[in-house]
Amino acid sequence: MSRRVREKYLSLLDGSLDSREEAVLRAEISGKPELAEELKDIGAILEQCRAQGRREFGLDHGFANEVLAGLQGTEAPRRAGAGWLPSGMPRVAAAFSLCVLMLLSITLVRDWQIASEKRLAIGQSQPPTGAGGGRMIAYNDMRVSQNVNGALAYFEGTAGALAMLISGALCLAAAGMKRYRLALAFLILAISIFALRSMMGSFFNDSKIMSQRPLPIEEISKRIA
Amino acid sequence: MTTEREEQLQDSQLVRRILAGRRDDYTLLVRRHQDRVYSLIMRQIGDPQLSRELAQDTFVRAYSGLRGFRHEARFDTWLIRIALNVTRSYFASRRFRERERTVTLEPDIHGGAVEMDAGGEEETALRLRRAIAKLKPKYRDVLVLCTMESRTYKEAAEILGLPVGTVCSRMNTALAELRRIMQRLGGR
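Protein chains in written order, with my numbering: chain A, 1 to 225; chain B, 1 to 188.
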């Protein structure tokens, strides 16, 4: 009650209360001497504070030089990126991250090439399962499941791990350069990739996919017949 | 010496120049804002020497943290926030508590040559300052900004990084608290 009235009273003192509201407030106060006393005190305090605020104080011109003299021992402020690491360290960290990135990329591409060559070899060596002499792919084709499985394994395995590593390295580099928001973003990305990989591993893992092997062609023909 | 062109540079331009290594340009910024910062502190502390010291501390802190200054905010807003923090630290310090123990309602007890036209007025000001010093920092900051600094609730909210509604509510509480403290101190 008192709080609400106080707020209204402050508005009245600021002159932001219209005449109707003012009349309501005055009517409310008139019946309560204690409240009226409190508001009167508050008005007086407010006026004292404002009177203090009207007093102006100034400093001489020598003050700026004093401040500058006081800064002699203080380290000069620097732009973002030149933080707590010794100068040149962010560059070293970035170069290191880049090297790791390149090495991982090379390994990944090589693995991927080997894997795709193997798959291709398997695809060519396997007898066609669908109509059209091997050029058409039928439902439940072995090669489809193998490729889907390969892609999932790829995301769950090396590609996901690489993305995680890159995000982690970039997170460290960003933190080293005092770009904490960017570092946080990379951290979230790394954690998200980890979560995604875990989910893929749990719900779409190789063994589950591979267990759904396609039926032999004889069985399919028999069923159709 | 500063040229007229340098005097006309905006705060943010000066900050960029200082960050680029021109330390001397900081004197321009200090000269531009020293009275505002000093007044803010002086109105709360009342001791010229101590206020000068705290103003200096404010500018040293501002210099050290200049890299953290975001150019979308106004420099003086940012500086006022630092000055409030410096004052806050002072009120929380042992130095203030020891000073409080020795203080009486004598206007020039700390050697502060505060020119006042009437002794009664200074006594009132001193009592008010003592009461404000006893307020919780969050209420004190709002009270100082909205009354002594004549800032609007919106401006105070911007300086303190609070919603306007919170500032209104704190202002309300601050006044009620201040009344209680002043009654306890004996007089208003």
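C-beta atoms are modelled at their ideal positions from N, C-alpha and C, and glycine is treated no differently.
Every value quoted in this text rests on a predicted model; they were computed, and no experiment measured them.
Under the three-state reduction of DSSP, serine 93 of chain B is assigned to coil, being neither helix nor strand. Comparing C-alpha distances from glycine 43 of chain A to each of A:Ser11, A:Ile166, A:Leu162 shows the shortest one belongs to A:Ser11. When C-beta atoms of the stretch 167 to 175 of chain A are compared with those of the stretch 189 to 199 of chain A, three or more pairs fall below 8 Å, so the two segments count as touching.
Going by C-alpha positions, leucine 39 of chain A is about 28 Å away from isoleucine 159 of chain B.
A straight line joining the alpha-carbon of leucine 175 of chain B with that of lysine 154 of chain B spans about 18 Å. Chain order gives no chain A residues near arginine 99 of chain B, where near means a beta carbon separation below 8 Å; the closest approach is about 19 Å. Pairing arginine 179 of chain B with arginine 20 of chain A, the inter-Cα distance amounts to about 28 Å. Within chain B, the residues Ile18, Leu19, Tyr63, Ser64, Gly65, Leu66, Arg67 have their CB atoms less than 8 Å from the CB of proline 77 of chain A, given in chain order.
Arginine 127 of chain B and leucine 185 of chain B have their C-alpha atoms roughly 8 Å apart. The Cβ atoms of asparagine 172 of chain B and arginine 3 of chain A sit closer than 8 Å to each other. Here the stretch 195 to 202 of chain A makes contact with the stretch 146 to 161 of chain A; the two share three or more CB pairs at distances below 8 Å. Short of 7 Å from the beta carbon of tryptophan 78 of chain B, and not among the five residues preceding or following it, lie these beta carbons of its own chain, in chain order: Phe69. Taking C-beta atoms under 8 Å as the contact rule, arginine 170 of chain B and lysine 138 of chain B qualify, at a distance of about 6 Å. Taking the Cα positions, isoleucine 45 of chain B is about 23 Å away from valine 167 of chain B.
Against chain B, the CB of cysteine 49 of chain A has a partner CB under 8 Å away; the residue lies at that interface. Excluding five sequence positions before and after leucine 19 of chain B, the CB atoms of its chain that fall closer than 8 Å to its own CB belong to Leu66, Arg67, given in chain order. Residue ranges of uninterrupted alpha helix (DSSP H) with 4 or more members, entirely inside the stretch 144 to 207 of chain A and ordered along the chain, are 158 to 176, 180 to 203.
For cysteine 168 of chain B, the uninterrupted alpha helix (DSSP H) run begins and ends at 164 to 185, by DSSP. For valine 5 of chain A, there are no C-beta contacts with chain B under 9 Å, since the nearest C-beta of that chain is about 10 Å from it.
A contact is defined here as three or more CB-CB pairs under 8 Å, and the stretch 46 to 62 of chain A fails this definition with respect to the stretch 30 to 38 of chain A. Glycine 43 of chain A sits in a helix when the DSSP states are folded into three classes. In terms of CA proximity to glutamate 123 of chain B, B:Met182 leads the group B:Gln10, B:Val30, B:Met182, B:Leu9. Neighbours of arginine 184 of chain B across chain A, judged by C-beta separation under 7 Å, do not exist; the nearest C-beta is about 13 Å away. Looking from the CA of alanine 62 of chain B, the closest CA among A:Arg6, A:Glu56, A:Leu108, A:Thr74 belongs to A:Thr74. In this model, isoleucine 224 of chain A and glutamine 146 of chain A are separated by some 24 Å (Cα to Cα). Think of a sphere of 9 Å around the beta carbon of valine 60 of chain B: the chain A residues whose beta carbon falls inside it are Val67, Gly70, Leu71, Thr74, in chain order. In the three-state reduction of the DSSP assignment, lysine 134 of chain B falls in the helix class. For aspartate 35 of chain B, the enclosing alpha helix (DSSP H) covers residues 26 to 45. Straight-line measurement puts the Cα of tyrosine 154 of chain A at about 10 Å from the Cα of valine 148 of chain A. The DSSP-derived three-state label of glutamate 21 of chain A is helix. For the set B:Ala133, B:Arg129, B:Arg74, B:Leu162, the Cα lying nearest the Cα of glutamine 13 of chain B is the one of B:Arg74. Residue state for threonine 107 of chain A is assigned as helix, using DSSP reduced to three classes.
Here phenylalanine 57 of chain A is near aspartate 35 of chain B, since their CB atoms are less than 8 Å apart. Cβ-Cβ separation between tyrosine 38 of chain B and leucine 101 of chain A: approximately 53 Å, too far for a contact (criterion under 8 Å).
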